[in-house]
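The block underneath contains the structure these notes are about, expressed in structure tokens.
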Amino acid sequence: MSYMYTLRHEADADCIILTVKGRVSYNAIIDMAPHVARMSQETGCYKILNDMSTASIDMSFTDIHSSPEVMNNSGVSKSTKRALVLPANFQEAYFLETVTRNYGHNLKVFYDVEKAKEWLLLDIATEQTPSLAKLVSQSIATEQRPTLNQ
28 MSYMYTLRHE ADADCIILTV KGRVSYNAII DMAPHVARMS QETGCYKILN
78 DMSTASIDMS FTDIHSSPEV MNNSGVSKST KRALVLPANF QEAYFLETVT
128 RNYGHNLKVF YDVEKAKEWL LLDIATEQTP SLAKLVSQSI ATEQRPTLNQ
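Below, the structure is given as structure tokens:
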């Protein structure tokens with residue numbers, strides 16, 4: 028079975044959506060990546076929702092390890108925020124995420140499309156701003172406390 032995909036820019040959410048169905052191989056990634064990169068460059072949109080939740084992923088560990096290079100070679104910017112939704116039975120999902128992040132890409136793996144959209148549409152500034160709870164816990168941890176010897 029081969030694969031098919033749809034690629035569109037959702038202007039309201041300023042997000043590119045790539046939906047893939049069928050059997051996805053390393054060669055399919057090589058084929059799709061330049062189209063995604065071109066749309067990203069043409070629209071100025073650097074948020075991509077890649078929905079492969081119903082696809083059958085047929086990639087070896089070597090293919091997975093090489094996939095970030097495919098993104099680099101196709102022109103997908105490392106700063107592009109990518110949410111990748113995979114089938115729940117894809118065992119190598121977090122290996123793929125780790126390898127891709129180690130290459131400097133901003134990719135996060137999900138099994139749920141709605142959670143992926145939620146993460147993708149978060150403002151980057153919000154993600155980088157420490158939460159109040161985190162700031163309070165850091166403050167408490169570093170607070171100088173009197174010792175018994177004083």
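Residues 28 to 177 in the working numbering are what the sequence shown lists, from first letter to last. Beta carbons: idealized from backbone N, C-alpha and C, even for Gly. These numbers come from a predicted model, not from an experiment.
Asked: Helix, strand or coil: how does DSSP classify Tyr-32 here?; Found: strand
Asked: What residue from Asp-139, Asn-99 and Ser-104 has the CA that sits closest to Asn-116's CA?; Found: Asp-139
Asked: Using the rule of at least 16 other Cβ atoms within 10 Å of the residue's Cβ for burial, across every protein chain shown, is Arg-50 buried or exposed?; Found: exposed
Asked: Report whether the distance from the Cβ of Gln-68 to the nearest heavy atom of the ligand FMN is below 8 angstroms.; Found: In the structure shown, the ligand FMN is absent, as is every other ligand, since no ligand is present at all.
Asked: Let me check understanding here. Comparing Cα to Cα, which of Gln-118, Val-103 and Val-112 lies closest to Val-136?; Found: Val-112
Asked: Identify which residue in Val-126, Tyr-121, Gln-118 and Lys-74 has its Cα closest to the Cα of His-92.; Found: Val-126
Asked: With DSSP run on the structure shown, which of helix, strand or coil describes Gln-155?; Found: Summary for Gln-155: the model assigns pLDDT 48, below 50, so the residue's position carries little reliability, and this model does not support an answer.
Asked: State the Cα-Cα distance for the pair Arg-35 and Ala-110, rounded to the nearest angstrom.; Found: 15 angstroms
Asked: Are the segment 67-83 and the segment 92-101 touching, with three or more C-beta to C-beta distances below 8 angstroms?; Found: no
Asked: Can you find the residues in the same chain that come closer than 7 angstroms, C-beta to C-beta, to Thr-174, ignoring five residues on each side of it along the sequence?; Found: Residue placement at Thr-174 is flagged as unreliable, the pLDDT there being 45, under the threshold of 50; the coordinate-derived value follows with that caveat. Hits under 7 angstroms: none found.
Asked: May I ask you to list the residues that DSSP assigns as paired with Asp-85?; Found: Ser-52
Asked: Could you pull the DSSP bridge partners for Ala-110 from this structure?; Found: Leu-76 and Lys-135
Asked: How long is the line joining the alpha carbons of Leu-134 and Ser-29, rounded to whole angstroms?; Found: 25 angstroms
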